[in-house]
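Here's the structure, in C-alpha coordinates; my notes come after.
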Amino acid sequence: MVKHTPRIGCFALQGAVEIHRPHIEACGAEFLSVKTPARFEDVDGFILPGGESTTMLKLIETFRLWDSLADNFARKPVWGICAGTILMAETVLVNNNLSSRDQTGGQSETQKSFGLLPITVLRNGYGTQVESAQSDIDGYPVSFIRAPVIQETGDTEILARHEGAPVWVQGKGDKAKYMATTFHPELTMNFPSPMHKKFVELVRRS
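Residue 101 in this note's numbering sits at position 100 of the sequence shown, and the numbers go up by one each step.
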(Lines of atoms letter the chains of each structure in order from A and count residues from 1; the text may use other names and numbers.)
(Lines give C-alpha, C1' and ligand atoms only; values in the text may rest on other atoms or scores of the structure.)
Protein backbone atom coordinates (compact mmCIF):
# COMPACT_ATOMS: atom_id res chain seq x y z
CA MET A 1 0.00 0.00 0.00
CA VAL A 2 1.46 3.38 -1.09
CA LYS A 3 1.08 5.75 1.89
CA HIS A 4 2.60 8.85 0.29
CA THR A 5 1.36 10.78 -2.75
CA PRO A 6 1.69 8.27 -5.61
CA ARG A 7 4.45 9.06 -8.08
CA ILE A 8 3.52 8.03 -11.61
CA GLY A 9 6.38 7.86 -14.11
CA CYS A 10 5.74 8.10 -17.84
CA PHE A 11 8.48 6.46 -19.91
CA ALA A 12 9.77 9.38 -21.93
CA LEU A 13 12.16 8.18 -24.63
CA GLN A 14 9.47 8.36 -27.31
CA GLY A 15 5.73 8.90 -27.59
CA ALA A 16 2.99 11.01 -25.99
CA VAL A 17 4.26 11.91 -22.52
CA GLU A 18 3.38 15.33 -21.09
CA ILE A 19 -0.24 15.05 -22.21
CA HIS A 20 -0.74 12.59 -19.33
CA ARG A 21 0.33 15.12 -16.70
CA PRO A 22 -3.03 16.92 -16.17
CA HIS A 23 -4.86 13.59 -15.95
CA ILE A 24 -2.48 12.22 -13.32
CA GLU A 25 -2.37 15.44 -11.30
CA ALA A 26 -6.19 15.62 -11.35
CA CYS A 27 -6.10 12.24 -9.56
CA GLY A 28 -4.02 13.73 -6.75
CA ALA A 29 -0.83 11.99 -7.85
CA GLU A 30 2.58 13.31 -8.88
CA PHE A 31 3.62 13.02 -12.54
CA LEU A 32 7.24 12.39 -13.53
CA SER A 33 8.81 12.07 -16.96
CA VAL A 34 11.37 9.25 -16.67
CA LYS A 35 13.99 7.82 -19.01
CA THR A 36 16.98 6.73 -16.88
CA PRO A 37 17.43 3.85 -14.39
CA ALA A 38 17.92 6.30 -11.52
CA ARG A 39 14.59 7.95 -12.28
CA PHE A 40 12.85 4.59 -12.65
CA GLU A 41 13.53 3.96 -8.96
CA ASP A 42 11.79 7.23 -8.02
CA VAL A 43 8.32 6.17 -9.16
CA ASP A 44 5.59 3.92 -7.78
CA GLY A 45 4.05 3.02 -11.13
CA PHE A 46 4.78 3.33 -14.85
CA ILE A 47 2.89 4.49 -17.91
CA LEU A 48 4.21 3.06 -21.18
CA PRO A 49 2.73 5.68 -23.51
CA GLY A 50 1.45 5.56 -27.03
CA GLY A 51 4.04 6.07 -29.74
CA GLU A 52 5.83 3.65 -32.05
CA SER A 53 6.67 0.33 -30.42
CA THR A 54 9.55 -0.59 -32.74
CA THR A 55 11.18 2.81 -32.18
CA MET A 56 10.76 2.40 -28.42
CA LEU A 57 12.38 -1.03 -28.59
CA LYS A 58 15.35 0.32 -30.54
CA LEU A 59 15.85 3.15 -28.05
CA ILE A 60 15.55 0.78 -25.08
CA GLU A 61 18.23 -1.43 -26.61
CA THR A 62 20.43 1.51 -27.67
CA PHE A 63 20.46 2.99 -24.17
CA ARG A 64 20.65 -0.45 -22.51
CA LEU A 65 17.51 0.07 -20.45
CA TRP A 66 15.90 -3.35 -20.88
CA ASP A 67 17.15 -4.98 -17.67
CA SER A 68 16.42 -1.94 -15.50
CA LEU A 69 12.92 -1.58 -16.93
CA ALA A 70 12.19 -5.30 -16.57
CA ASP A 71 13.31 -5.22 -12.93
CA ASN A 72 11.08 -2.23 -12.15
CA PHE A 73 8.12 -3.64 -14.07
CA ALA A 74 8.35 -6.85 -12.04
CA ARG A 75 7.91 -4.85 -8.83
CA LYS A 76 5.55 -2.01 -9.77
CA PRO A 77 2.23 -1.38 -11.53
CA VAL A 78 2.44 -0.71 -15.27
CA TRP A 79 -0.15 0.70 -17.69
CA GLY A 80 0.50 0.29 -21.40
CA ILE A 81 -1.29 2.51 -23.91
CA CYS A 82 -1.45 1.49 -27.60
CA ALA A 83 2.28 0.95 -28.30
CA GLY A 84 2.70 0.36 -24.58
CA THR A 85 0.16 -2.47 -24.80
CA ILE A 86 2.35 -4.06 -27.47
CA LEU A 87 5.39 -3.86 -25.19
CA MET A 88 3.42 -5.51 -22.35
CA ALA A 89 1.97 -8.43 -24.32
CA GLU A 90 3.30 -11.98 -24.02
CA THR A 91 2.93 -12.46 -27.78
CA VAL A 92 3.13 -9.76 -30.48
CA LEU A 93 2.17 -10.47 -34.08
CA VAL A 94 3.03 -8.05 -36.88
CA ASN A 95 0.37 -7.04 -39.41
CA ASN A 96 2.11 -6.27 -42.71
CA ASN A 97 -1.17 -5.70 -44.56
CA LEU A 98 -2.03 -2.11 -43.67
CA SER A 99 -4.36 -1.33 -46.57
CA SER A 100 -7.48 -2.10 -44.53
CA ARG A 101 -8.65 -3.55 -41.26
CA ASP A 102 -7.38 -6.95 -42.36
CA GLN A 103 -6.50 -8.90 -39.24
CA THR A 104 -5.22 -11.96 -41.11
CA GLY A 105 -2.27 -10.79 -43.17
CA GLY A 106 1.38 -10.78 -42.21
CA GLN A 107 1.16 -12.55 -38.88
CA SER A 108 4.20 -14.78 -39.30
CA GLU A 109 6.54 -12.21 -37.75
CA THR A 110 6.76 -11.60 -34.02
CA GLN A 111 8.18 -8.74 -31.99
CA LYS A 112 10.08 -8.63 -28.71
CA SER A 113 8.15 -7.53 -25.61
CA PHE A 114 8.28 -7.54 -21.80
CA GLY A 115 5.56 -10.21 -21.60
CA LEU A 116 3.81 -8.71 -18.59
CA LEU A 117 0.25 -9.63 -19.58
CA PRO A 118 -1.01 -12.99 -20.92
CA ILE A 119 -2.38 -11.50 -24.14
CA THR A 120 -1.67 -11.85 -27.85
CA VAL A 121 -1.79 -8.61 -29.82
CA LEU A 122 -1.71 -7.89 -33.53
CA ARG A 123 0.30 -4.74 -34.18
CA ASN A 124 -1.44 -2.18 -36.41
CA GLY A 125 -4.51 -4.42 -36.29
CA TYR A 126 -6.86 -1.58 -37.22
CA GLY A 127 -4.85 -0.56 -40.28
CA THR A 128 -3.28 2.77 -41.18
CA GLN A 129 -3.33 6.22 -39.59
CA VAL A 130 -6.12 7.13 -42.02
CA GLU A 131 -8.27 4.37 -40.57
CA SER A 132 -7.86 5.60 -37.02
CA ALA A 133 -11.12 6.35 -35.24
CA GLN A 134 -12.79 7.76 -32.16
CA SER A 135 -15.22 6.02 -29.85
CA ASP A 136 -16.63 6.10 -26.33
CA ILE A 137 -15.28 3.70 -23.72
CA ASP A 138 -16.92 3.72 -20.30
CA GLY A 139 -18.75 6.89 -21.38
CA TYR A 140 -15.47 8.68 -22.14
CA PRO A 141 -14.28 9.77 -25.63
CA VAL A 142 -11.10 7.96 -26.70
CA SER A 143 -9.02 7.64 -29.86
CA PHE A 144 -7.77 4.53 -31.68
CA ILE A 145 -4.62 5.53 -33.61
CA ARG A 146 -2.99 2.71 -35.57
CA ALA A 147 -4.11 0.65 -32.63
CA PRO A 148 -3.15 -2.95 -31.93
CA VAL A 149 -5.87 -5.58 -31.69
CA ILE A 150 -5.92 -7.89 -28.68
CA GLN A 151 -6.61 -11.24 -30.34
CA GLU A 152 -6.32 -13.56 -27.35
CA THR A 153 -6.46 -13.13 -23.59
CA GLY A 154 -5.28 -15.49 -20.91
CA ASP A 155 -6.06 -14.96 -17.23
CA THR A 156 -7.14 -11.33 -17.49
CA GLU A 157 -10.15 -9.19 -16.68
CA ILE A 158 -11.64 -7.55 -19.77
CA LEU A 159 -12.73 -4.07 -18.68
CA ALA A 160 -14.00 -2.87 -22.08
CA ARG A 161 -14.54 -4.05 -25.65
CA HIS A 162 -14.75 -2.25 -29.00
CA GLU A 163 -16.15 -3.94 -32.10
CA GLY A 164 -16.12 -7.20 -30.15
CA ALA A 165 -12.40 -7.11 -29.33
CA PRO A 166 -10.97 -6.45 -25.85
CA VAL A 167 -9.53 -2.93 -25.69
CA TRP A 168 -8.97 -2.49 -21.94
CA VAL A 169 -7.63 -5.37 -19.88
CA GLN A 170 -6.15 -5.95 -16.45
CA GLY A 171 -4.18 -8.91 -15.19
CA LYS A 172 -5.28 -11.17 -12.35
CA GLY A 173 -3.50 -12.58 -9.32
CA ASP A 174 0.13 -11.49 -9.18
CA LYS A 175 -0.41 -9.68 -12.51
CA ALA A 176 -3.30 -7.54 -11.23
CA LYS A 177 -0.88 -4.59 -11.09
CA TYR A 178 -0.77 -4.52 -14.90
CA MET A 179 -3.35 -2.97 -17.21
CA ALA A 180 -3.40 -2.11 -20.89
CA THR A 181 -5.54 -0.05 -23.27
CA THR A 182 -5.29 -0.21 -27.05
CA PHE A 183 -6.80 3.28 -27.27
CA HIS A 184 -5.66 6.75 -26.16
CA PRO A 185 -7.74 8.31 -23.35
CA GLU A 186 -5.22 11.09 -22.70
CA LEU A 187 -6.19 13.10 -25.81
CA THR A 188 -9.55 14.13 -24.32
CA MET A 189 -9.19 17.32 -22.29
CA ASN A 190 -11.63 16.26 -19.57
CA PHE A 191 -9.43 15.50 -16.56
CA PRO A 192 -9.01 12.87 -15.32
CA SER A 193 -10.03 10.03 -17.61
CA PRO A 194 -11.59 6.93 -15.98
CA MET A 195 -8.51 5.00 -17.09
CA HIS A 196 -6.08 7.35 -15.36
CA LYS A 197 -8.24 7.24 -12.22
CA LYS A 198 -8.21 3.45 -12.21
CA PHE A 199 -4.45 3.27 -12.68
CA VAL A 200 -3.71 5.75 -9.90
CA GLU A 201 -5.98 3.76 -7.57
CA LEU A 202 -4.16 0.60 -8.63
CA VAL A 203 -0.85 2.24 -7.69
CA ARG A 204 -2.26 3.45 -4.36
CA ARG A 205 -3.22 -0.13 -3.48
CA SER A 206 0.10 -1.66 -4.55
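Using N, Cα and C, we set each Cβ at its ideal position, and we do this for glycine too.
Residues near residue i by beta carbon distance below 6 Å, same chain, minus five either side
i: THR6; result: GLU31
i: ARG205; result: VAL3, PRO7
i: LEU14; result: LYS36, LEU60
i: LEU66; result: none
i: TYR179; result: VAL79, LEU117, LEU118, GLY172
Three-state secondary structure assigned by DSSP to residue i
i: SER133; result: coil
i: HIS163; result: strand
i: ALA84; result: helix
i: THR56; result: helix
i: VAL204; result: helix
i: GLY174; result: helix
i: ARG147; result: coil
i: ARG8; result: strand
Alpha carbon of residue i to alpha carbon of residue j, nearest angstrom
i: THR121; j: VAL150; result: 8 Å
i: PHE47; j: ALA134; result: 26 Å
i: GLU153; j: GLN171; result: 13 Å
i: GLY224; j: ASP43; result: Given a span of 2 to 207 for the chain in the structure shown, any question on residue 224 remains unanswerable.
i: GLU62; j: MET190; result: 34 Å
i: VAL143; j: HIS163; result: 11 Å
Contact under 8 Å by Cβ, residue i with residue j
i: ALA181; j: THR86; result: yes
i: THR183; j: VAL168; result: yes
i: LEU88; j: SER114; result: yes
i: SER194; j: TYR141; result: yes
i: PRO78; j: LEU160; result: no
Same chain only: Cβ atoms within 7 Å of residue i, ignoring 5 sequence neighbours per side
i: VAL18; result: CYS11, SER34, PRO50
Neighbourhood of residue i by C-beta, 8 Å cutoff - its chain only, sequence neighbours within 5 removed
i: HIS209; result: With the chain running from 2 to 207 in the structure shown, residue 209 is simply not present.
i: PRO119; result: GLU91, THR154, GLY155, ASP156, THR157, GLY172, LYS176
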